[in-house]
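Q: Residue numbers for the sequence shown, in our numbering: 38 to 444. From the three backbone atoms N, C-alpha and C, an ideal C-beta is built for every residue, glycine too. One structure is given below, represented as structure tokens, and several questions about it will come after.
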Amino acid sequence: MKITRCNTAVVEANYDYTYVRIFADNGVYGTGECFFAPGLSAALREMLPLLIGKDAREVDRLARFLWRKGSGAGAVAGYLYNAISGIEAALWDLVGKSFEVPCWQFLGGKVRDEVRIYVDCHAGDNTESWGTMLEEREPAWLKAALAGKPQHEERYEPEMYFNRAKQMVAAGYDAMKFDIDSIVVLTGEELNRPLTRAEIDKMVACVAAAREGAGDAVDLSVDCHWRFAPTEAIRIARALEPYNLMWLEDPCPPENFRDVGEIRALGIVPILTGENLNRRHGFWDLVVNRCCDLVAPDIQKCGGMLEAVRIGELAEMQGIRFAPHNISSPLGTMASAHVCATMSNFVALEFHGSDVPFWNDLITRPDVKGPVIQKGRIPLTDAPGLGCELNEEVARKYAKPGETWFA
Ligand code: MG
38 MKITRCNTAV
48 VEANYDYTYV
58 RIFADNGVYG
68 TGECFFAPGL
78 SAALREMLPL
88 LIGKDAREVD
98 RLARFLWRKG
108 SGAGAVAGYL
118 YNAISGIEAA
128 LWDLVGKSFE
138 VPCWQFLGGK
148 VRDEVRIYVD
158 CHAGDNTESW
168 GTMLEEREPA
178 WLKAALAGKP
188 QHEERYEPEM
198 YFNRAKQMVA
208 AGYDAMKFDI
218 DSIVVLTGEE
228 LNRPLTRAEI
238 DKMVACVAAA
248 REGAGDAVDL
258 SVDCHWRFAP
268 TEAIRIARAL
278 EPYNLMWLED
288 PCPPENFRDV
298 GEIRALGIVP
308 ILTGENLNRR
318 HGFWDLVVNR
328 CCDLVAPDIQ
338 KCGGMLEAVR
348 IGELAEMQGI
358 RFAPHNISSP
368 LGTMASAHVC
378 ATMSNFVALE
388 FHGSDVPFWN
398 DLITRPDVKG
408 PVIQKGRIPL
418 TDAPGLGCEL
428 NEEVARKYAK
438 PGETWFA
């Protein structure tokens, strides 16, 4: 099953959904998705020709080959792993479709038939779009999506958290996440100053409102995006203790894994981290030193679907749970769901596209009708490969200017 050709496409959604497609000489192709990065398409253009003539069935061998070929750009970490992750998923999709086997089967077999989703609610609203250097941008679809919605600071009010939580419960979710770092004014000096009492009180008010809107039966978590020094993170953890959080995410800067370990050791709230780490090696110190309660590899970034399984199993050896980060389109989300279906220490998979109006329309599934996420779950079936196809008629309408479209 020789690889004959590879190409890419990018959809400009809330982030750049970057797709890789790999064709084999049996006439079958597979499609995978990469986490965005500046220069990612250029990197893919240099990497993909290396696969031509290789046997697509040797998925892990090819991933390891690309690890080595890219080692000068970061050895065991760096954005080339975004590219490798999408390539690896495309290969699993290709091999699965060729042998008519679902990807979960290759990864050890599923231990559940549906994958629980937690919905990312940002603050009160999440209608926005970000470029590869995390600058806000305004693709054509965004204006209509924003019409009548609250803007910026208006979103960071308890009432918005309450309404959003209620809305997500009504949509069928029983797990959700809110941002709390955006509640405080971000001056760029957050790490050097203590939070004021009023700032922590505002965070508490927003989380209390989210809890009230969600109800006690819902699992609620909050994200800090690495903003706070350990001292401040401990104050936040203690202040939020009454709200029985599922986890506190990335409370401290990522440079020193022991910082989150300090918070975790207090036992106030479970700590989740790891969305920007690559391969098992990125998680090693966190896991062997028991510095978190949950790992959150991003399956479009960490090195691929099989590597995500290995990260989850490494975590499992220390009693650490598995709740992957995910900002991808439904195609990448399906790849992540196949991984999650096989993991016994899985808790929930992120969904970050609830305010992208065309998110659900980007794929079709051969044997499942309706939205990708149904009552807060993604059902897994026996459909081969990733169990879905990119809906190009829809996706192409949102193609990123200046990028190729599978050419
Ligand atoms: Mg996060």
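1. Quick check: what's the CA-CA separation for A276 versus P288?
2. For A112, count neighbouring Cβ atoms within 10 angstroms of its own Cβ and tell me buried if that reaches 16, exposed if not.
3. Could you check the C-alpha separation between I124 and E70 for me, to the nearest Å?
4. For A93, does the three-state DSSP call read helix, strand or coil?
5. Which class does C377 belong to by DSSP, given the choice of helix, strand or coil?
6. Can you list the alpha helix (DSSP H) stretches of 4 or more residues lying completely in the stretch 242–290, in chain order?
7. I believe G341 touches A100 by the beta-carbon criterion, under 8 Å. Please report the beta-carbon distance rounded to the nearest angstrom.
8. Do G349 and N313 have their C-beta atoms within less than 8 Å of each other?
9. Can we count H159 as close to the ligand MG, meaning its CB is less than 7 Å from some heavy atom?
10. Since V11 and V132 should fall inside the 8 Å C-beta cutoff, what is the C-beta to C-beta distance between them, to a whole number of angstroms?
11. Check whether the Cβ of D218 lies closer than 7 Å to any heavy atom of the ligand MG, and answer yes or no.
12. Thinking C-alpha only, which one of Q142, E249, A270 is nearest I233?
13. Can you tell me whether E286 sits near the ligand MG, meaning its C-beta is under 7 Å from at least one heavy atom of the ligand?
14. In whole angstroms, give me the CA-to-CA distance for L77 and L87.
15. On the DSSP bridge list, what partners appear for Y56?
16. Is any non-hydrogen atom of the ligand MG found closer than 7 Å to the C-beta of D335, if you look at the structure I gave you?
17. By Cβ distance below 7 Å, which residues in the same chain neighbour R433 in space, the five residues on each side in sequence not counted?
18. Identify, in the order they occur along the chain, each residue of the same chain with its Cβ nearer than 7 Å to the Cβ of I410, setting aside the five sequence neighbours on each side.
19. Using only CA atoms, which one of A254, D253, G252, S258 lies nearest to M240?
20. Does the distance from the C-beta atom of P307 to that of W263 stay below 8 Å?
21. When the Cα atoms are used, what is the spatial distance from K412 to A436?
22. Tell me which same chain residues have a C-beta within less than 6 Å of the C-beta of G369, skipping the five on either side of it?
23. If you count every other CB in all the chains shown that lies within 10 Å of the CB of A89, and 16 or more means buried, which is it?
24. Would you list the one or two residues that DSSP bridges to G209?
25. Judging by CA-CA distance, which residue of T41, I40, M38, V48 is the nearest neighbour of W396?
A: Quick look at the numbers:
1. On the sequence shown, position 239 is the one that residue 276 refers to. On the sequence shown, position 251 is the one that residue 288 refers to. Their backbone Cα atoms lie some 13 Å apart in a straight line.
2. Position 75 of the sequence shown, counting from 1, holds the residue named residue 112. So A112 counts as exposed.
3. Position 87 of the sequence shown, counted from the start, is the residue given in the question as residue 124. Position 33 of the sequence shown, counted from the start, is the residue given in the question as residue 70. Cα-Cα distance, rounded: 8 Å.
4. Residue numbering aside, residue 93 sits at position 56 when the sequence shown is read from its first letter. Correct three-state label for A93: coil.
5. To locate residue 377, count along the sequence shown from 1; it is residue 340. DSSP places C377 in helix when its eight states are reduced to three.
6. 267–277
7. Mapped onto the sequence shown, residue 341 falls at position 304. Mapped onto the sequence shown, residue 100 falls at position 63. G341 to A100, Cβ: 6 Å. Contact.
8. Against the sequence shown, residue 349 aligns to sequence position 312. Against the sequence shown, residue 313 aligns to sequence position 276. No, these two residues do not count as a Cβ contact at 8 Å.
9. Translated into positions along the sequence shown, residue 159 becomes position 122. Checking every heavy atom of the ligand MG against the Cβ of H159, none is found closer than 7 Å.
10. Any property of residue 11 remains undetermined from this structure, which presents the chain solely from 38 to 444.
11. Taking the first residue of the sequence shown as position 1, residue 218 is located at position 181. Not so, every heavy atom of the ligand MG lies at least 7 Å from the Cβ.
12. One-based indexing of the sequence shown puts residue 233 at position 196. For clarity, residue 233 is Thr in the given sequence; the question names Ile instead. Measuring from the Cα of T233, the nearest candidate turns out to be A270.
13. Against the sequence shown, residue 286 aligns to sequence position 249. Yes, since a heavy atom of the ligand MG falls inside the 7 Å radius drawn around the Cβ of E286.
14. Within the sequence shown, numbered from 1, the residue matching residue 77 stands at position 40. Within the sequence shown, numbered from 1, the residue matching residue 87 stands at position 50. Whole-angstrom Cα-Cα distance: 16 Å.
15. Taking the first residue of the sequence shown as 1, we reach residue 56 at position 19. DSSP, once it has assigned bridges, lists A46, E70 as partnering Y56.
16. As a working mapping, residue 335 is identified with position 298 in the sequence shown. Outside the cutoff, so no.
17. The residue you call residue 433 lines up with position 396 of the sequence shown. The answer, listed in chain order, is W442.
18. Here residue 410 refers to the residue found at position 373 when the sequence shown is read from its first residue. Excluding residues within five positions, the ones whose Cβ falls inside 7 Å are I154, F388.
19. By one-based count along the sequence shown, residue 240 stands at place 203. Among A254, D253, G252, S258, the Cα nearest to that of M240 is on S258.
20. Mapped onto the sequence shown, residue 307 falls at position 270. Mapped onto the sequence shown, residue 263 falls at position 226. Taking 8 Å as the Cβ cut-off, P307 and W263 do not qualify as a contacting pair.
21. Your numbering for residue 412 matches position 375 in the sequence shown. Your numbering for residue 436 matches position 399 in the sequence shown. Their Cα atoms are separated by approximately 29 Å.
22. Within the sequence shown, residue 369 is the residue found at index 332, counting from 1. Only E70, Q337 meet the Cβ criterion.
23. On the sequence shown, position 52 is the one that residue 89 refers to. It should be noted that the sequence gives Ile, not Ala, for residue 89. When all chains shown are included, I89 counts as exposed.
24. In the sequence shown, residue 209 corresponds to position 172, counting from 1. None, per the DSSP bridge assignment.
25. The count along the sequence shown starts at 1 and reaches residue 396 at position 359. For W396, the closest alpha carbon among the candidates T41, I40, M38, V48 is that of V48.
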